[in-house]
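There are 2 protein chains.
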Amino acid sequence: MARYEQIADALRHGIRTGRLRPGERLPAEERLAARYRTSVPTLQRALSELVAEGLIDKRHGVGTFVRTPRRRVVRSSDRHQWEKDRARRPRAERLRTGSTEHDTGLEVTDLAFHAEYRETKADEDLATVFGVPVGTRLLERMYRTNCREEDAPFALVHSYLVHDVVAANPDLLDAANEPWPGGTQNQLYTIGIELDRVEERITARPPTAEEAEALGLRKGVSVILLRKICTGTDGRVVEVSDVRLPGDRTELVFTTPLTRW
Amino acid sequence: MARYEQIADALRHGIRTGRLRPGERLPAEERLAARYRTSVPTLQRALSELVAEGLIDKRHGVGTFVRTPRRRVVRSSDRHQWEKDRARRPRAERLRTGSTEHDTGLEVTDLAFHAEYRETKADEDLATVFGVPVGTRLLERMYRTNCREEDAPFALVHSYLVHDVVAANPDLLDAANEPWPGGTQNQLYTIGIELDRVEERITARPPTAEEAEALGLRKGVSVILLRKICTGTDGRVVEVSDVRLPGDRTELVFTTPLTRW
DNA sequence: GAGTGGTCTAGACCACTGT
DNA sequence: CAGTGGTCTAGACCACTCC
Numbered sequence: 001m002a003r004y005e006q007i008a009d010a011l012r013h014g015i016r017t018g019r020l021r022p023g024e025r026l027p028a029e030e031r032l033a034a035r036y037r038t039s040v041p042t043l044q045r046a047l048s049e050l051v052a053e054g055l056i057d058k059r060h061g062v063g064t065f066v067r068t069p070r071r072r073v074v075r076s077s078d079r080h081q082w083e084k085d086r087a088r089r090p091r092a093e094r095l096r097t098g099s100t101e102h103d104t105g106l107e108v109t110d111l112a113f114h115a116e117y118r119e120t121k122a123d124e125d126l127a128t129v130f131g132v133p134v135g136t137r138l139l140e141r142m143y144r145t146n147c148r149e150e151d152a153p154f155a156l157v158h159s160y161l162v163h164d165v166v167a168a169n170p171d172l173l174d175a176a177n178e179p180w181p182g183g184t185q186n187q188l189y190t191i192g193i194e195l196d197r198v199e200e201r202i203t204a205r206p207p208t209a210e211e212a213e214a215l216g217l218r219k220g221v222s223v224i225l226l227r228k229i230c231t232g233t234d235g236r237v238v239e240v241s242d243v244r245l246p247g248d249r250t251e252l253v254f255t256t257p258l259t260r261w
Numbered sequence: 262m263a264r265y266e267q268i269a270d271a272l273r274h275g276i277r278t279g280r281l282r283p284g285e286r287l288p289a290e291e292r293l294a295a296r297y298r299t300s301v302p303t304l305q306r307a308l309s310e311l312v313a314e315g316l317i318d319k320r321h322g323v324g325t326f327v328r329t330p331r332r333r334v335v336r337s338s339d340r341h342q343w344e345k346d347r348a349r350r351p352r353a354e355r356l357r358t359g360s361t362e363h364d365t366g367l368e369v370t371d372l373a374f375h376a377e378y379r380e381t382k383a384d385e386d387l388a389t390v391f392g393v394p395v396g397t398r399l400l401e402r403m404y405r406t407n408c409r410e411e412d413a414p415f416a417l418v419h420s421y422l423v424h425d426v427v428a429a430n431p432d433l434l435d436a437a438n439e440p441w442p443g444g445t446q447n448q449l450y451t452i453g454i455e456l457d458r459v460e461e462r463i464t465a466r467p468p469t470a471e472e473a474e475a476l477g478l479r480k481g482v483s484v485i486l487l488r489k490i491c492t493g494t495d496g497r498v499v500e501v502s503d504v505r506l507p508g509d510r511t512e513l514v515f516t517t518p519l520t521r522w
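First to last, the sequence lines map onto chains A and B.
At position 18 of the first sequence the residue is numbered 18 (the working numbering), and the sequence of numbers has no breaks.
At position 252 of the second sequence the residue is numbered 513 (the working numbering), and the sequence of numbers has no breaks.
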């Protein structure tokens, strides 16, 4: 076994057994290298393994620390029914809370919201999902929800709608109307669309360089990719959203009810 | 920007634009180092970034290759209802297929299955979920499902049952009876338990060294963690499973039906 | 055996952070 | 300014794969 792996193992063991506690600072690299009788680059290699596993954080000019678990945001599948119920409520009630607040339990005033709209054409992937020809005009909406300035977004969302469908209500084409009270399901309600079901497809991978930047991810954190496909009561796909969530502070919850014997 | 980042960017760009095609071999490190006028360790640092992002694979003694996407296994939430329906079918029918076959579309004979049982005591975490005192005797069952020798398992599963509940049927305590025709829901059926719902909680993170080993994960792949909580018709939690899935070839699908207006 | 990636060294210099 | 991590070098030797 390589020297750097032995060292990584030793440190890993220390962290797992609690000898090195969360938040604790490790000795300087030079000192650690001396303790393990190795060179600094080799010791750094060992540390970089632990960074990749999400066990430690390195802070330039400060030190290396045992990572403390982050507070998790739960995103439950009953949000969809909750959103649907809310879509036909009076405006005052819709104003009060959005889905993120439903998930996090935070107040509206704690959250900052950013939206950007543009027009695109359906690529092969989206055309297949929507069941429309490649090149069909789509409205692409990009969202990010932050916890009031302080730190990185909870989620990066790219949402797609068929342009000609939503154009029935011109207000839906303008990002300036965001955050729309009552969310997308209320927007769809204004043009006579009711949702029948929501399908969500989930996978995970390491972040790209851009995602790490945008979501403020440290190394050693995964990205959860969630594609949400909303189908209307007429069986047509109405909205497709690609959501990227930080793996270290997101927990998705799905409940499947079963029919009785 | 660091030299190694510039190099990583250049290669990343080549891969994304398709100039470097999936499966294609990159020049040897020494040659690449020469091309980018840098030392071998620095070039290696650049490559290791791309490995961490899952863009390339290094094979010792062979070369460095652009990674080709892996075939995905879809795990759909309707498997639960499917399993429930199957649990009361005749033995012959139950023998024919298991859930993994349902997910993958493969035949029973394509799959190898390994199970191991042991007795443990509930730690704080499991005790909370089951709603039993810490230290309660549990039956811990460990499963792995492989695609017939060839390569790494689809999933590592640790499943927990309250020991005294399942002891009503001693056959359920013996791993030698696996794979049990009809799966866990049929096992529970033999002791008079019917499931009411299944809750699944999902998160993702980089693999630990052990998981990378057990799931045969290359570097630069995430692990999806799925905790499945099965609740009986009497409202008690019956089974808790912790499932670890390779992020590069697993897609989870959940469908949420909505009630009509 | 030729060619590939894997590991390691010893030291240099740079960049960032906090006092 | 002292102390920390970040980057880089030039070269050595090892281990693996395939012919």
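The C-beta atom is built at its ideal place from N, Cα and C for all residues, glycine as well.
Chain A within 8 angstroms of G392/B, Cβ atoms only:
For the purposes of this step, residue 392/B is identified with residue 131 of the second sequence, where counting begins at 1. No, G392/B does not count as interfacial toward chain A.
By the criterion of Cβ-Cβ separation under 8 angstroms, what are the contact partners of V253/A in chain B?
Residue numbering aside, residue 253/A sits at position 253 when the first sequence is read from its first letter. The contacting residues are E460, E461, R462, I463.
State yes or no: is the C-beta of A175/A nearer than 7 angstroms to some heavy atom of the ligand PLP?
With respect to the ligand PLP, the structure shown offers nothing to examine, as it has no ligands at all.
Bounding residues of the alpha helix (DSSP H) (the contiguous stretch that carries E33/A)
As a first step, residue 33/A must be located in the first sequence, where it is residue number 33. At residue 33/A the sequence reads Ala, which differs from the Glu that was named. Its alpha helix (DSSP H) spans residues 29–35.
When you compare the CB of T511/B with every CB in chain A, is at least one pair closer than 8 angstroms?
If you number the second sequence from 1, residue 511/B lands on position 250. Yes, T511/B counts as interfacial toward chain A.
Does any residue of chain B bring its CB to less than 8 angstroms from the CB of P90/A?
What you label residue 90/A is simply residue 90 of the first sequence in a count that begins at 1. Among the residues facing chain B, P90/A is not included, as its CB has no counterpart in that chain under 8 angstroms away.
Using the three-state DSSP reduction, which class does R85/A fall into: helix, strand or coil?
For this step, residue 85/A is matched to residue 85 along the first sequence. Correcting the residue type first, residue 85/A is Asp in the shown sequence and not Arg. Three-state DSSP puts D85/A in a helix.
Beta-carbon spacing of Q446/B, A348/B below 8 angstroms
Along the second sequence, read from residue 1 onward, the residue named residue 446/B stands at position 185. Along the second sequence, read from residue 1 onward, the residue named residue 348/B stands at position 87. A Cβ-Cβ contact shorter than 8 angstroms links Q446/B with A348/B.
Does the CB of Q305/B have a neighbour CB from chain A at under 8 angstroms?
The count along the second sequence starts at 1 and reaches residue 305/B at position 44. False, the Cβ-Cβ gap to chain A never drops below 8 angstroms.
Within the 8 angstroms Cβ cut-off, does K84/A reach chain B?
Within the first sequence, numbered from 1, the residue matching residue 84/A stands at position 84. Yes, because at least one Cβ of chain B sits closer than 8 angstroms to the Cβ of K84/A.
Between the segment 13–32 of chain A and the segment 439–456 of chain B, are three or more C-beta pairs nearer than 8 angstroms?
Contact fails between the segment 13–32 of chain A and the segment 439–456 of chain B, because fewer than three Cβ pairs, one in each stretch, are under 8 angstroms apart.
Measuring only between beta-carbons, confirm whether E455/B sits less than 8 angstroms from chain A.
Here residue 455/B refers to the residue found at position 194 of the second sequence. Yes, its Cβ sits closer than 8 angstroms to a Cβ of chain A.
How many Å lie between V108/A and S99/A at the Cα?
Along the first sequence, read from residue 1 onward, the residue named residue 108/A stands at position 108. Along the first sequence, read from residue 1 onward, the residue named residue 99/A stands at position 99. Unreliable placement is indicated for V108/A, whose pLDDT of 49 sits below 50; no coordinate value is reported for it.
Count Cβ pairs between the segment 477–495 of chain B and the segment 158–170 of chain A that sit closer than 8 angstroms; are there 3 or more?
Verdict: no, contact absent.
How far does the alpha helix (DSSP H) with R333/B in it extend, from its first residue to its last?
The sequence position of residue 333/B within the second sequence is 72, counting from 1. R333/B -> no alpha helix (DSSP H), and no H or E assigned at all.
Contact criterion: CB-CB distance below 8 angstroms. Does L519/B meet it with respect to chain A?
Along the second sequence, one-based indexing puts residue 519/B at 258. L519/B has a beta carbon lying within less than 8 angstroms of a beta carbon in chain A.
Out of Q305/B, T329/B, A271/B, which one is the CA nearest neighbour of R282/B?
Looking up residue 282/B in the second sequence gives position 21. Taking the Cα of R282/B as reference, the smallest distance to any Cα among Q305/B, T329/B, A271/B is reached at T329/B.
Assign A92/A to buried or exposed, taking buried as 16 or more other Cβ atoms, counted over all protein chains shown, within 10 Å of its Cβ.
On the first sequence, residue 92/A is found 92 positions in, with the first residue counted as 1. Classification for A92/A: exposed.
Do we get a CB-CB distance below 8 angstroms when we pair I452/B with the residues of chain A?
As a working note, residue 452/B is residue 191 in the second sequence. Answer no: the Cβ-Cβ gap between I452/B and chain A never drops below 8 angstroms.
With 8 angstroms as the threshold, decide whether the Cβ of T406/B is near any Cβ in chain A.
Residue mapping note: residue 406/B aligns to position 145 of the second sequence, counting from 1. No - not a single Cβ of chain A is within 8 angstroms of the one on T406/B.
G493/B: which of T259/A, E83/A, S77/A, F154/A sits nearest, CA to CA?
Taking the first residue of the second sequence as position 1, residue 493/B is located at position 232. Among T259/A, E83/A, S77/A, F154/A, the Cα nearest to that of G493/B belongs to T259/A.
Since P467/B meets chain A, which of its residues come closer than 8 angstroms, beta carbon to beta carbon?
Position 206 of the second sequence, counted from the start, is the residue given in the question as residue 467/B. Think of a sphere of 8 angstroms around the beta carbon of P467/B: the chain A residues whose beta carbon falls inside it are A52, E53, G54, P206, G220, V221, S222, in chain order.
Taking the alpha-carbon positions, what's the G279/B to L417/B distance?
Mapped onto the second sequence, residue 279/B falls at position 18. Mapped onto the second sequence, residue 417/B falls at position 156. Their Cα atoms are separated by approximately 35 angstroms.
Could you name the residues of chain A that E341/B contacts, counting a contact when the two beta carbons are closer than 8 angstroms?
Here residue 341/B refers to the residue found at position 80 of the second sequence. The sequence as given places His at residue 341/B; Glu does not occur at that position. By Cβ distance, chain A contributes T256, L258.
With distances taken between CB atoms, is the gap from R292/B to Y265/B smaller than 8 angstroms?
Taking the first residue of the second sequence as 1, we reach residue 292/B at position 31. Taking the first residue of the second sequence as 1, we reach residue 265/B at position 4. Result no, Cβ atoms of R292/B and Y265/B do not sit closer than 8 angstroms.
Quick one: is E512/B buried, meaning 16 or more other Cβ sit within 10 Å of its Cβ, or exposed?
Position 251 of the second sequence holds residue 512/B. Buried, since its Cβ has 16 or more Cβ neighbours within 10 Å.
Determine, using beta carbons only, whether I463/B and L478/B come nearer to each other than 8 angstroms.
What you label residue 463/B is simply residue 202 of the second sequence in a count that begins at 1. What you label residue 478/B is simply residue 217 of the second sequence in a count that begins at 1. Contact flag unset, no.
Looking only at its chain, what residues have a beta carbon closer than 6 angstroms to the beta carbon of E178/A, apart from the 5 residues adjacent to it on each side?
Translated into the one-based positions of the first sequence, residue 178/A becomes position 178. These residues qualify, in order along the chain: A115.
If we cut at 8 angstroms on Cβ distances, does T494/B have a partner in chain A?
Against the second sequence, residue 494/B aligns to sequence position 233. Output row for T494/B: interface = yes.
Any chance the segment 74–84 of chain A sits against the segment 38–57 of chain A, with 3 or more Cβ pairs inside 8 angstroms?
Contact between the segment 74–84 of chain A and the segment 38–57 of chain A is absent: fewer than 3 CB-CB pairs across the two stretches fall below 8 angstroms.
Closer than 8 angstroms to chain B by CB, W180/A:
Taking the first sequence and counting its residues from 1, the one referred to as residue 180/A is at position 180. Chain B contact via Cβ: absent.
List the endpoints of the continuous alpha helix (DSSP H) containing D125/A.
The residue given as residue 125/A occupies position 125 in the first sequence. 124–130 is the span of the alpha helix (DSSP H), which, as asked, contains D125/A.
Please tell me whether S338/B has its Cβ less than 8 angstroms away from any Cβ of chain A.
Reading the second sequence from its first residue, position 77 is the one you call residue 338/B. By this cut-off, S338/B is an interface position.
Are F130/A and V240/A close, meaning C-beta to C-beta below 8 angstroms?
Here residue 130/A corresponds to residue number 130 of the first sequence, with the count starting at 1. Here residue 240/A corresponds to residue number 240 of the first sequence, with the count starting at 1. Yes; because the gap between Cβ atoms is below 8 angstroms, this pair is in contact.
Please classify V243/A: is it buried, with 16 or more other beta-carbons within 10 angstroms of its beta-carbon, or exposed?
Here residue 243/A corresponds to residue number 243 of the first sequence, with the count starting at 1. It is buried - the Cβ of V243/A has at least 16 other Cβ atoms within 10 Å.
Determine the direct distance from the alpha carbon of K58/A to that of E200/A, and round the result to whole angstroms.
The count along the first sequence starts at 1 and reaches residue 200/A at position 200. The count along the first sequence starts at 1 and reaches residue 58/A at position 58. C-alpha separation (whole angstroms): 35 angstroms.
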